[in-house]
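K.L.:
Its first residue numbered 24, the sequence shown is counted upward by one per residue in our numbering.
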Amino acid sequence: MSLHLEARVSDPTAGGLENLLSEDRRFPPSAEFAAQANASADLYSWANADRPAFWGEQARELLTWSTPFEQTLDWSDAPVARWFADGRLNAAYNAVDRHVEAGRGDKVALHFEGEGGDTRTLTYADLQREVSRAANALTSLGVTTGDRVAVYLPMIPEAVVTMLACARIGAPHSVVFGGFSAEALHSRILDAEAKLVVTADGGFRRGAASALKPAVDEALAKGAPSVEHVLVVKRTGQPVEWTEGRDVWWSDVVDTASDEHTPVDVEAEHPLFILYTSGTTGKPKGIFHTTGGYLAQAAYTHLNVFDLKAETDVYWCTADVGWITGHTYVVYGPLVNGATQVIYEGTPDTPHRGRWWEIVQKYGVTILYTAPTAIRTCMKWGEEIPAQFDLSSLRVLGSVGEPINPEAWMWYRRVVGGDRAPIVDTWWQTETGAIMISPLPGVTETKPGSAQVPLPGIAADVVDDEAHSVPDGSGGYLVLTEPWPAMLRGIWGDRQRYVDTYWSRFRGLYFAGDGAKKDEDGDIWLLGRVDDVMNVSGHRLSTTEIESALVSHPWVAEAAVVGAADETTGQAVVAFVILRGDSEAGDLPAQDVQTTLRNHVAKEIGPIAKPRQVLVVAELPKTRSGKIMRRLLRDVAENRQVGDATTLADSSVMDLIAQGLSTPAAASQD
Ligand code: PRX
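1. Please indicate yes or no: does the CB of ALA474 lie closer than 7 Å to some heavy atom of ligand 1?
2. Run through the DSSP bridge pairs and tell me what SER606 is partnered with.
3. For GLU581, which of helix, strand or coil comes out of DSSP?
4. So TYR435 packs on ILE390, CB below 8 Å; how close in whole Å?
5. As a quick check of your reading: which residues have a C-beta less than 7 Å from at least one non-hydrogen atom of ligand 1, in chain order?
6. Does the count of Cβ pairs from the stretch 183 to 191 and the stretch 145 to 162 closer than 8 Å reach three?
7. With a Cβ-Cβ cutoff of 8 Å, do ARG621 and VAL600 count as a contact?
8. Just curious, the beta strand (DSSP E) that ARG552 is in, first and last residue?
9. Just the C-alpha distance for ASP517 and VAL596, rounded to the nearest angstrom, thanks.
10. Out of curiosity, what's the CA-to-CA distance linking MET677 and ARG663?
11. Would you call the stretch 93 to 110 in contact with the stretch 488 to 502, where contact means no fewer than 3 C-beta pairs closer than 8 Å?
12. Less than 7 Å between C-beta atoms, sequence neighbours within five positions excluded: which residues of the same chain meet that for LEU318?
13. If you drop the 5 nearest sequence neighbours on each side, which residues of the same chain put their C-beta closer than 8 Å to that of PRO35?
14. Please name the residue in MET433, ARG418 and GLY387 whose C-alpha comes closest to that of GLU406.
15. Taking three-plus beta-carbon pairs below 8 Å as touching, is the stretch 603 to 610 in contact with the stretch 172 to 189?
16. How many Å lie between ASP693 and ALA613 at the Cα?
17. Return the chain-ordered list of same chain residues with a C-beta closer than 8 Å to the C-beta of SER674, the five sequence neighbours on each side being excluded.
18. Of the choices VAL221, PRO471 and GLU543, whose alpha-carbon is the least far from that of LEU187?
19. Could you tell me the alpha carbon to alpha carbon distance between SER163 and GLU264, rounded to whole angstroms?
20. Relative to the alpha-carbon of ALA57, which residue among PHE329, GLY79 and LEU573 has its alpha-carbon at the smallest distance?
21. Taking the alpha carbon of VAL253 as the point to measure from, which residue in ARG228, GLN452, THR363 and LEU161 has its own alpha carbon closest?
22. Are the Cβ atoms of ALA509 and THR455 separated by less than 8 Å?
23. Once you ignore the five residues that flank VAL556 on each side, which residues in its own chain have a CB closer than 8 Å to its CB?
24. Compute the beta-carbon to beta-carbon distance between PHE296 and HIS196, rounded to the nearest angstrom, for a pair I have assumed lies under 8 Å.
25. Taking DSSP as the reference, what is the three-state secondary structure of THR592?
26. What does the alpha-carbon distance come out to for the pair SER249 and LEU213?
27. With distances taken Cα to Cα, identify the nearest neighbour of THR373 among ALA54, ALA72, GLY137 and ALA60.
28. Only counting runs of 3 or more residues, tell me where the beta strand (DSSP E) segments fall wholly within the stretch 187 to 218, in order along the chain.
29. Buried or exposed: GLN594, going by 16 or more other Cβ atoms within 10 Å of its Cβ?
30. Considering Cα atoms alone, identify which of THR393, VAL365, TYR392 and ILE408 is closest to GLY377.
31. Count the other CB atoms within 10 Å of the CB of PRO634; is the residue buried (16 or more) or exposed (fewer)?
32. So, ALA234 versus VAL255, is the Cβ gap smaller than 8 Å?
33. Check TRP515 in the structure and name its three-state DSSP category.
34. How about the stretch 143 to 151 and the stretch 303 to 312: do they share at least three Cβ pairs that are nearer than 8 Å?
35. Does ARG437 pass the burial test, meaning 16 or more other C-beta atoms within 10 Å, or should it be called exposed?
This is the structure we're talking about:
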């Protein structure tokens with residue numbers, strides 16, 4: 024069974040849930056699990072009675088405030104919320120120091136597993152010293168409260184330490200995933216006007232050292248007047264170019280700094296971080312989150328959705344800190360809750376395909392949080408691989424990033440969870456900051472493929488084109504109907520774009536950009552994006568951004584990009600291009616043209632955006648008003664019968680495309 028998201032995404036009200044709903048098994052919580060669960064059903068009624076008061080209670084209970092707040096929600100400047108606005112706190116103090124002060128300094132915070140097998144263990148006391156040193160070093164490099172710091176690092180402890188050091192001095196971090204190109208890094212540094220870039224010589228990826236510093240050098244060479252220094256961690260030992268006066272080694276300034284540092288108290292609404300994500304236009308959006316509300320919801324969701332028992336659990340979220348999942352469920356949620364967790368630098372198949380399961384066995388991981396793509400990849404590799412390892416420690420399994428098809432859900436439950444561990448399919452976004460829709464383990468009877476219910480304290484609905492709530496059994500658009508503590512406070516430097524993007528489609532409702540359906544019980548099933556955003560391996564990519572990258576190549580006259588259903592990655596990028604008549608590309612073999620253009624996209628945006636296929640065509644299907652009909656291109660990309668083409672300006676275009684594609688060299692794949 025594979026997901027055919029696109030057909031449903033292009034028209035979420037058209038049905039097509041058969042695939043998902045064909046799995047009708049239900050999994051009630053076991054009595055043993057329910058008896059010990061953190062969450063209970065009465066959380067829903069408690070939260071419903073008074074949402075802001077409920078969140079106020081969570082924020083008081085789960086966080087330590089230097090100045091307690093009196094206010095809960097201030098929605099007077101809607102759609103920009105202020106939560107707990109008269110309170111003050113420090114995020115790093117909450118994530119680290121208070122655990123040490125409470126006598127838990129010897130508890131392991133991070134078990135780091137390098138790809139090559141090197142390991143490091145950091146207790147909360149170690150983390151406090153490291154973060155304090157880094158905070159002192161940042162200060163010595165001229166970074167003060169309010170300055171932005173760009174972070175471009177592999178998944179190593181220094182990434183966590185840097186983020187917390189920024190939080191400690193109230194300098195918002197802007198983490199850029201290490202897989203993004205110099206070009207992408209440059210635009211993010213410029214937009215945030217970062218004062219400092221923290222990077223490494225490189226990281227280990229698929230058994231080899233992969234350089235990072237050259238991308239920073241290239242980005243800064245394009246001009247970035249705000250950047251004063253580049254702080255470089257030595258990870259791989261590969262040679263690096265050095266700009267005297269600008270570049271400094273981590274070992275020179277952090278390792279030698281004092282390990283005493285007083286965290287800077289900030290207002291609850293002080294920006295904690297900016298994280299760029301793809302939208303429907305070419306320019307990535309700097310989503311920004313503030314401190315108090317974000318931390319409260321991060322801690323609350325981490326505690327209840329994963330049933331965290333800080334004393335005994337070993338938690339592992341496989342996300343990179345370059346994504347929101349890494350921010351909320353590697354850094355802030357688990358550390359604020361005092362958890363012990365695993366972080367792993369590399370890929371699941373290096374040096375062998377059992378690597379993840381070996382790590383679960385080695386550390387006795389009890390809670391695992393990962394993406395459907397990873398699960399489907401492991402399914403493909405065969406269940407005999409996980410069967411070689413002892414996975415009996417696992418007691419809660421999480422899924423995030425894209426809809427999980429029931430087949431993958433069932434495999435996850437049976438092969439990884441031993442038919443015992445509850446699965447939580449968690450829906451949320453960079454913008455929501457924390458989990459919004461998910462079963463609660465020990466409470467919810469789970470349904471394979473559905474994220475099911477808004478968490479206590481969260482109000483969501485599915486609406487039709489006119490913003491009317493659809494009845495159970497119908498589909499429409501997912502909206503959030505009440506403000507929530509971890510909601511984005513805007514798009515960095517562009518309030519209007521924030522209002523236009525999220526609050527204009529349906530007045531007074533937050534439009535998530537996802538199609539969804541309510542089943543007969545009112546449970547929510549996510550159907551994928553309804554806008555020009557693709558989801559490849561759980562990563563958000565914009566069709567427009569990739570099209571812009573393609574047309575920036577001198578050979579390309581026009582480009583249209585679609586997300587085509589893919590068995591493993593959920594969606595895959597398929598590009599259709601028209602070449603310029605005068606370009607030399609016409610004389611080259613089709614294969615070379617495709618390889619060049621695929622590599623060009625990787626260079627412009629990053630390898631994650633590389634199209635699976637680049638198809639050279641003579642025409643693109645357009646309506647009379649000139650709009651590209653991506654729906655028809657998706658049909659082609661998914662090898663389907665092409666749908667209704669009657670609105671095309673020139674109806675012979677699809678025949679032309681189909682003819683062109685029947686030549687064997689038209690498709691290429693790595
Ligand atoms: O389409 C939804 C999908 O991922 C989008 C958000 O992407 P991003 O901001 O990168 O954050 C990903 C990690 C939180 C959503 O609009 N998505 C995320 N989780 C799920 C999901 N789709 C279905 N089911 C999920 N559990």
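For each residue, glycine too, the CB sits at the ideal point set by N, CA and C. The structure displayed is predicted, hence computed values, not measured ones.
P.N.:
On the basis of the coordinates in this document:
1. Yes, since a heavy atom of ligand 1 falls inside the 7 Å radius drawn around the Cβ of ALA474.
2. DSSP output for SER606 lists no bridge partner at all.
3. The answer is strand: DSSP assigns GLU581 an E or B state.
4. Not confirmed; about 13 Å, so no contact.
5. The answer, residue by residue, is THR300, TRP346, ILE347, THR348, SER422, VAL423, GLY424, GLU425, PRO426, ILE427, ASP448, THR449, TRP450, TRP451, GLN452, THR453, GLU454, ALA474, ALA535, GLY536, ASP537, LEU549, GLY551, ARG552, ASN558, GLY561, HIS562 and ARG563.
6. The stretch 183 to 191 makes contact with the stretch 145 to 162, as at least three CB pairs between them are under 8 Å.
7. No.
8. For ARG552, the uninterrupted beta strand (DSSP E) run begins and ends at 547 to 552, by DSSP.
9. Approximately 29 Å between the Cα atoms of the pair.
10. Distance between the alpha carbons of MET677 and ARG663 is about 13 Å.
11. Segments in contact, no.
12. Around LEU318: LEU86, ALA114, ASN117, TYR355 and VAL359.
13. Interpretation of PRO35 is limited by its pLDDT of 40, a score under 50 that renders its predicted location unreliable; the figure taken from the coordinates is listed afterwards. Within the same chain, PRO35 has close Cβ partners GLY498, GLY499, TYR500, GLY538, ALA539, LYS540, LEU550 and VAL553.
14. Residue MET433 is the option with its Cα nearest to GLU406.
15. Contact between the stretch 603 to 610 and the stretch 172 to 189 is absent, because fewer than three Cβ pairs lie under 8 Å.
16. Residue placement at ASP693 is poorly supported in this model, since its pLDDT is 40, which falls under 50; the coordinates still yield a value, given next. ASP693 and ALA613 have their alpha carbons spaced roughly 15 Å apart.
17. Excluding residues within five positions, the ones whose Cβ falls inside 8 Å are ALA668.
18. The shortest Cα separation from LEU187 among VAL221, PRO471 and GLU543 belongs to VAL221.
19. Near 23 Å, if we compare the C-alpha coordinates of GLU264 and SER163.
20. It is PHE329.
21. Nearest in C-alpha terms to VAL253, of all of ARG228, GLN452, THR363 and LEU161, is LEU161.
22. Contact flag set, yes.
23. The beta carbon of VAL556 sits closer than 8 Å to those of SER301, GLY302, THR303, GLY536, ARG563, LEU564, SER565 and THR566, all from its chain and outside the five residues before and after it, given in chain order.
24. That belief holds up - the Cβ atoms of PHE296 and HIS196 are roughly 5 Å apart, short of 8 Å.
25. Of the three classes helix, strand and coil, the one that applies to THR592 here is coil, per DSSP.
26. Roughly 8 Å separates the two Cα atoms.
27. Taking THR373 as reference, the option from ALA54, ALA72, GLY137 and ALA60 with the minimal CA-CA separation is GLY137.
28. Runs found: 196 to 198.
29. Note on GLN594: 16 or more other CB atoms within 10 angstroms of its CB, so buried under the neighbour-count rule.
30. Looking from the CA of GLY377, the closest CA among THR393, VAL365, TYR392 and ILE408 belongs to ILE408.
31. It counts as buried.
32. Result no, Cβ atoms of ALA234 and VAL255 do not sit closer than 8 Å.
33. Of the three classes helix, strand and coil, the one that applies to TRP515 here is coil, per DSSP.
34. In this structure the stretch 143 to 151 does not touch the stretch 303 to 312; the number of beta carbon pairs closer than 8 Å is below three.
35. By the neighbour-count rule (16 or more Cβ atoms within 10 Å), ARG437 is not buried but exposed.
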